[in-house]
Structure formats: C-alpha cells, structure tokens
Amino acid sequence: MSFRESTLGCRAALCAFALACLTGLSGAAQAEVFVRTGYHYQFLSLSSGYNKFLKDRYGLKSLALSGLAYSVHYRSRGKSFALGLEMDNLKGGIKYNTLNSEKQENALQLNQTLLLLSYYPRKFRRLIVDFGYGSNTLVRSFYGYQDAKLVTTNIDNSVGQKEISTSGSVMMAQVLYRTFGKRIGVDFGARYSFSQHVILWSDARPSYDSKGLPTSTYFNVGGLTLLGTLTFNF
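Going by this note's numbering, the letters in the sequence shown line up with residues 9 to 242, in that order.
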C-alpha cells in the first residue's frame, strides 16, 4: 500500500469513527451535539527548508494560507471533554513577475481532516481547548518548465502550470474564547500546528542547493493560525 493510499485510508477511518460516534450518541438524553464553522488565517514560516527556498526564489516577505473550516462535536452533558471531527480547506498564493515581466501566481491549497479532543475547563467556562490529529494533502500549482530536457525548439511548449500533490500528518493544539452567545456562540482564538511534507529532489518543482542542483527538503505547512468561529449548539 502506498503512502498516499494509507493517508486516504486513515482519513476515511477517522471520518467513519467520528461520524459513528456522533450519530449513535446524539440521540441520547444526556448528550449535546454542536457544529462549528470558522475562518482560519495561517502563517507559514520562511526560515528553513522549502519555505526558505520559496522566500529566496520569489523574494517573499510573508506567506500565509486562509480559508474555511467545519467541525462537528459530541459531548455528554456535564462532562468536560468532547469528541469531534474537523475538515478545512486553506489556500494561498505567491505572486511574482517572470524574467519576461509576465505576472504569474503559484497557488497552494491545503486540505486537512482532524480528529479532535476538546476540553472545557470548569473554572474558565468561556475557554475551549482543542487537541487534534489527522492527515492533510498539499497541492502546489507552480508555473515553470514541464520537462527538464529542454532544447531551443521546445521551450515555448514546455512552459506552464504544474500541479503536484503531497500528503502528510498534522497535529495541533488551539484555544478558543467565547465572546458571547450560547445557542449560537462567537469564538476567537489561535492554534499552533505541526506538519511537514517531504519535497524530493525528483519533484517537478524541487528545491535547489547553492550549486543549482535539485535537492530533497521539507516543506513546513504548520504554524500559527488565527481563527474566528460560529458555534451552533443542539
């Protein structure tokens, strides 16, 4: 079984497990189900690995991903812990000019599925602490040459966008603060996630060393995320 197939299998298992819990337990008299939808803005580091390569190559001062996240949670009434499932889709772009002064944009898209364990401190009822683990897929749509074997007769036909997909795991911890609302709550907070994708030297858009040779490295797609959510309690 390939790594990609294993990741997809893990994602399917997480979904099946969490949904089974939510479906089977939501009807209990002493249970509550709530749904979150939120906007995430995630900062990506530019200090090392593939991140630094992108910074140096395109002159980046910052790099971020943003988008929507959705999650469903189950909690027994009166308990301090809840189980949930989150899916989110974050996007970002790298805008730059080619050597021919043409405007281009390289696109990034990060899809994530996480199983969540939430903690509700009894002494601080406005706080929610979440821990998550799951899998993610990163899609890079980068402009450049499609074939390394270039000659003067095929350069024009070899230029274009190339879409590359990699998969990995993700861990995160976050804190949310309930500003107001009960049945429909408005929460703000932050999370920090850990996730690295291997970018091989044979990748269609690899990193290059100081000698201009392709080299394998890591793309850190974790980092600090600021978020705001709406929570619907049932």
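Ideal Cβ placement from N, Cα and C applies to all residues, glycine included.
task: Mind checking who A39 pairs with in its DSSP beta bridge?
output: S84
- request: Give, in chain order, every unbroken run of the beta strand (DSSP E) that is at least 3 residues long and sits entirely within the region 55-110.
  value: 72-84 and 89-105
query: Which value, in whole angstroms, describes the spacing of the CA atoms of A72 and A115?
result: 11 Å
- prompt: Does the region 222-238 touch the region 190-202, meaning 3 or more C-beta pairs lie closer than 8 Å?
  reply: yes
- prompt: Going by the beta-carbon positions, is the gap between L234 and Y49 smaller than 8 Å?
  reply: yes
Residues bridged to R130 [DSSP beta-bridge criterion]: According to DSSP, which records beta bridges pairwise, R130 is partnered with nothing at all.
- prompt: Is it buried or exposed for R148, if we count other Cβ within 10 angstroms and need 16 for buried?
  reply: buried
query: Secondary structure at A212, three-state DSSP: helix, strand or coil?
result: coil
For G220, the three-state DSSP class (helix, strand or coil): coil
message: Judging by CA-CA distance, which residue of S177, V43 and K219 is the nearest neighbour of L91?
response: V43
- request: State the Cα-Cα distance for the pair L208 and L52, rounded to the nearest angstrom.
  value: 20 Å
- prompt: Is it right to say N7 is buried, meaning 16 or more other beta carbons lie within 10 angstroms of its own, or is it exposed?
  reply: Given that the chain is displayed from residue 9 to residue 242, the structure contains no residue 7 and the question cannot be resolved.
message: With H, G and I counted as helix, E and B as strand and the rest as coil, what does DSSP make of V147?
response: strand
message: Using 8 Å as the threshold, is the C-beta distance between Q117 and D96 below it?
response: no
message: Please report the straight-line C-alpha distance between S88 and G57, rounded to a whole angstrom.
response: 40 Å
message: Taking the straight line between their C-alpha atoms, what separation do you get for R186 and A198?
response: 13 Å
task: Give me the Cα-Cα distance between S74 and G86, rounded to the nearest whole angstrom.
output: 34 Å
- request: Could you name the residues of the same chain whose beta carbon sits closer than 6 Å to that of T174, not counting the 5 residues immediately before and after it, in chain order?
  value: L146 and H205
- prompt: Would you report the Cα separation of N242 and A39, rounded to the nearest angstrom?
  reply: The sequence given here places Phe at residue 242; Asn does not occur at that position. Whole-angstrom Cα-Cα distance: 9 Å.
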